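Asker: Encoded as structure tokens, here's the structure I'll be asking about.
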Amino acid sequence: MRELSAAAATTETIGNPTINISIFGAFVLVTLAITFRASRNNKSAADYYAAGRTITGQQNGLAIAGDYLSAASFLGIAGAIAVYGYDGFLYSIGFLVAWLVALLLVAELMRNTARFTMADVLAFRMRQGPVRTAAAISTLAVSLFYLLAQMSGAGGLVTLLLGVSGEAAQAVVVTIVGALMIFYVLVGGMRGTTWVQIIKASLLIVGAFVMTVWVLGKYGFNLSSLIGGAIESGSQAVAEPGAQYGLTGTTKLDFVSLGLALVLGTAGLPHVLMRFYTVPTAKDARRSVVWAIWLIGIFYLFSLVIGYGAGALVGAEEILAAPGAVNAAAPLLAFELGGTVLLGIIAGVAFATILAVVAGLTITASASFAHDVYASVIKKGNVPPNGEVKVARITAVVIGAISIGLGILALQAGLNIAFLVALAFAVAASANLPTILYTLFWRRFTTQGALWSIYGGLIICVGLILFSPVVSGGEKSMFPDVDFAWFPLNNPGLVSIPASFLLGWLGTMLSKERVDEAKWAELEVRAFTGIGAEKAVHH
Amino acid sequence: MSEPTERRLLTPDEYEEAQASPEFMELKRRFRAFAFPMTVAFLAWYLAYVLLSTYASDFMSTTVFGNVNVGLLLGLAQFVTTFVITHVYVAHANKRTDPIADEMRDRLEHHEYAHRHHAGGESEGATRA
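For the record, the sequence lines run as chains X and W.
Numbering-wise, the first sequence is residues 1 to 539 according to the UniProt record's numbering.
Numbering-wise, the second sequence is residues 1 to 129 according to the UniProt record's numbering.
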């Protein structure tokens, strides 16, 4: 550990950049080859957006895990547990339990009703133009928040692992990552993206498993002694609730708010919902969620060990002092355990993680724009064959460019990625989930209710974030020098999620719009029986 | 583009007929009878965990053995219940809702809900046709 701090002090990097880069390069080469193979079958919109609906339940379960276990799950949660102990554990639990909402209420019904995007369901029995536009806007908002978090993680990793220092050089690396992601999406479409996610999920879970066994081995496979180690390096507080959020009444409320956003966010994440459209039937959608829940749950159990392991073996102070701060816990632990080689592997996995997630986000956001805004609203459905996919590809490039820009801006922020992702969850839970549930289960729900809920949830949520200590007024704010914060909570979920449910109800009750009974019948019958659901494309 | 056209072949009448059928009511009832109470239950259990961690930290810090306390065990219990609920749901869907859904889908594909509307007055149906 002493050697490590010396290395960190002098060069600000750990391990051997050449090894780190070559492992990452190997991943890129393999996935590129697969992407090219996958692209040969990309002909129609269903191919590009939904991998021809030919992904099996098991494959999709792995891909969902690959899509969901972002840098937030790998780097962020491990860091939060390493530094704050018990309070960091909440992320794992919230991120996992959230899947039950998706499994029980959303996944199969959405799979049966939609073609490509979330808006397909939300606009099903409403006025198409306004609802599709609203759903596309909230899809873009959630995806951009999520992208910002991932890119910020990439920035920290670059500094730590590749021996790149100086803002210009880091910007170049972020640009390379972004360009790669655009390439995967353009060439491989959903099929290529799916395979990148499957490979990444496998690598990530194996990597985390190795680290978990290694850490536990050091403590005689005894969780209690591991926590003892973490207490010894840190303090008794890491084993107990409240190290991060127990300070005042406000921070306690913040913890509850975070917990609510985590558990209700997943089922409203557009890039997660879109994965359900890649399987042939609703039964496969169910199967894929079961796989995902097991893989994600087991991974989070690993991350508990990795987090406490990093707290015990590396130490919280060391972690916070490293470039990338709290997000550096897992890579530092890898170096502590297995030296340069394990660090190289874990670093490669972390990059692969970021790459796969941003590819999934990009294809979702571009599909939403091309399918919902361009094809349905602007062109009113009169698009030449493959015109929609062309627009989706162009949008992917634009979104890729935006996220590169955001990544460069986020390089210096040093915020926990899991925390940033939790904000994306809050936006998803506020803007999307109420409308999804009302659409599927409430006959009386109207266009006005949908619009009030989507726009209201989105505006309240983003507005409260803007005026929270995350953005200004605090030491750790994005703009610490100015103070326009008046909302005390870091996560707005506690206010914005109930507000959005309320607005959806109120908007419906106050509108004179008649329920479209024919469309409601079609939606219900299709959702529950699977009649008329999109089938797999056979070439 | 090889879009399936079959989904447009069902008429609005067929959907409304299917929606009003007793078997569909039963399918919906079975779905809701499981999914809604279960959702309330796991959300309540999860929120109880979050609230206990926040406002009863002394209780959650009570040591059970070694350095393992009540909070950690309840947290791990959240994992266990999530896995269990997942499998209970799958069993419920396979046994209770899938059979109805599969049968209805089959009948819809054969347009068996198309003429039910006129079952009471066949002559009227015939003159319309």
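For each residue, glycine too, the CB sits at the ideal point set by N, CA and C.
Note that the structure is a prediction, hence the values are computed from the model and not measured.
Output the distance between the C-alpha atoms of residue 286 (chain X) and residue 136 (chain X), rounded to the nearest integer angstrom.
Answerer: One Cα belongs to residue 286 (chain X), the other to residue 136 (chain X), and the distance between them is close to 25 Å.
Asker: Can you pull the chain W neighbours of residue 259 (chain X), defined as C-beta to C-beta under 9 Å?
Answerer: 46, 47, 49, 50, 51, 53, 54
Asker: Using 8 Å as the threshold, is the region 525 to 534 of chain X in touch with the region 102 to 112 of chain X, meaning 3 or more CB pairs across them?
Answerer: yes
Asker: Just to confirm the assignment, what range does the alpha helix (DSSP H) spanning residue 35 (chain X) have?
Answerer: Taken as a continuous stretch (DSSP letters only), the alpha helix (DSSP H) holding residue 35 (chain X) covers 17 to 39.
Asker: How is the beta strand (DSSP E) around residue 65 (chain W) delimited, first residue to last?
Answerer: Counting along the chain, the beta strand (DSSP E) containing residue 65 (chain W) begins and ends at 63 to 65.
Asker: Should residue 317 (chain X) go down as buried or exposed, given a rule of 16 or more other Cβ atoms within 10 Å for buried?
Answerer: exposed
Asker: Using a Cβ-Cβ distance under 8 Å, would residue 532 (chain X) count as near chain W?
Answerer: yes
Asker: Report the three-state DSSP secondary structure of residue 221 (chain X) (helix, strand or coil).
Answerer: coil
Asker: Locate the alpha helix (DSSP H) running through residue 87 (chain W), then write down its first and last residues.
Answerer: 70 to 92
Asker: Can you have a look at residue 1 (chain W) and say buried or exposed, based on whether 16 or more other CB atoms are within 10 angstroms of its CB?
Answerer: In this prediction, residue 1 (chain W) has a pLDDT of 39, which is less than 50 and means its spatial position is unreliable; what the coordinates show is noted afterwards. Residue 1 (chain W) comes out exposed.
Asker: Give a yes or no on contact between the region 278 to 293 of chain X and the region 445 to 456 of chain X, applying the rule of three or more CB pairs nearer than 8 Å.
Answerer: no
Asker: Taking residue 104 (chain X) as the query, report the chain W residues whose CB atoms sit under 7 Å from its CB, ordered along the chain.
Answerer: Within chain W, the residues near residue 104 (chain X) are 35, 38, 39, 89.
Asker: Could you check whether the Cβ of residue 145 (chain X) sits closer than 8 Å to any Cβ belonging to chain W?
Answerer: no
Asker: Just to confirm, are residue 468 (chain X) and residue 492 (chain X) a CB contact at a threshold of 8 Å?
Answerer: When the beta-carbon positions are compared, residue 468 (chain X) and residue 492 (chain X) come within less than 8 Å of each other.
Asker: Starting from the N-terminal side, write out each stretch of the alpha helix (DSSP H) that is 4 residues or longer and does not extend beyond the region 242 to 295 of chain X.
Answerer: 249 to 265, 270 to 275
Asker: Would you say residue 84 (chain W) lies against chain C (beta-carbon separation less than 8 Å)?
Answerer: Going by chain labels, chain C is absent from the structure shown, which instead holds the protein chains X and W.
Asker: Where does residue 124 (chain X) fall in DSSP's three states?
Answerer: Coil, per DSSP.
Asker: Measure how close the beta-carbons of residue 266 (chain X) and residue 102 (chain X) come, nearest whole angstrom, since I'm counting them as under 8 Å.
Answerer: 5 Å
Asker: Rounded to whole angstroms, how far is the Cβ of residue 92 (chain X) from the Cβ of residue 303 (chain X), which I believe are closer than 8 Å?
Answerer: Between residue 92 (chain X) and residue 303 (chain X) a beta carbon distance of about 6 Å is seen, short of the 8 Å cut, so the two are scored as contacting.
Asker: By alpha-carbon positions, which one of X:240, X:193, X:161 ends up nearest to residue 64 (chain X)?
Answerer: X:193
Asker: In chain order, what residues of the same chain lie with their CB nearer than 6 Å to the CB of residue 156 (chain X), ignoring the 5 residues before and after it?
Answerer: 324, 327
Asker: Can you give the Cα-Cα distance for residue 74 (chain X) and residue 438 (chain X), rounded to whole angstroms?
Answerer: 33 Å
Asker: Roughly how many whole angstroms lie between the Cα atoms of residue 362 (chain X) and residue 395 (chain X)?
Answerer: Whole-angstrom Cα-Cα distance: 9 Å.
Asker: Any idea which residues DSSP pairs residue 479 (chain X) with across the strands?
Answerer: Under DSSP, residue 479 (chain X) shares a beta bridge with X:472.
Asker: Taking Cβ-Cβ distances shorter than 7 Å, what residues in chain X pair up with residue 28 (chain W)?
Answerer: 528
Asker: Please confirm if residue 216 (chain X) has its CB atom under 8 Å from at least one CB of chain W.
Answerer: Output row for residue 216 (chain X): interface = no.
Asker: Rank X:138, X:18, X:55, X:47 by C-alpha distance to the C-alpha of residue 426 (chain X) and give the top, closest one.
Answerer: X:138
Asker: Can you pull the chain X neighbours of residue 96 (chain W), defined as C-beta to C-beta under 8 Å?
Answerer: The premise fails here: residue 96 (chain W) is roughly 13 Å from chain X at the closest Cβ pair, so nothing lies under 8 Å.
Asker: Can we say the region 219 to 233 of chain X touches the region 49 to 69 of chain W, given the rule of at least three CB pairs closer than 8 Å?
Answerer: yes
Asker: Does DSSP put residue 384 (chain X) in a helix, a strand or coil?
Answerer: coil
Asker: What first and last residue would you give for the alpha helix (DSSP H) that runs through residue 542 (chain X)?
Answerer: Residue numbering for chain X in the displayed model covers 1 to 539; residue 542 (chain X) lies beyond these limits and cannot be assessed.
Asker: Rounded to the nearest angstrom, what separates residue 3 (chain W) and residue 537 (chain X) at their Cα positions?
Answerer: Per-residue confidence for residue 3 (chain W) stands at a pLDDT of 44, beneath the threshold of 50, marking its modelled position as unreliable; the derived number appears in the next sentence. One C-alpha to the other measures close to 8 Å.
Asker: Quick one: is residue 518 (chain X) near chain W, going by C-beta distance under 8 Å?
Answerer: yes
Asker: Taking buried to mean at least 16 other C-beta atoms within 10 Å of its own C-beta, is residue 507 (chain X) buried or exposed?
Answerer: buried
Asker: Could you check which residue in X:399, X:460, X:514 has the C-alpha nearest to that of residue 143 (chain X)?
Answerer: X:399
Asker: Please tell me whether residue 488 (chain X) and residue 250 (chain X) are closer than 8 Å, where the distance is taken between their beta carbons.
Answerer: yes
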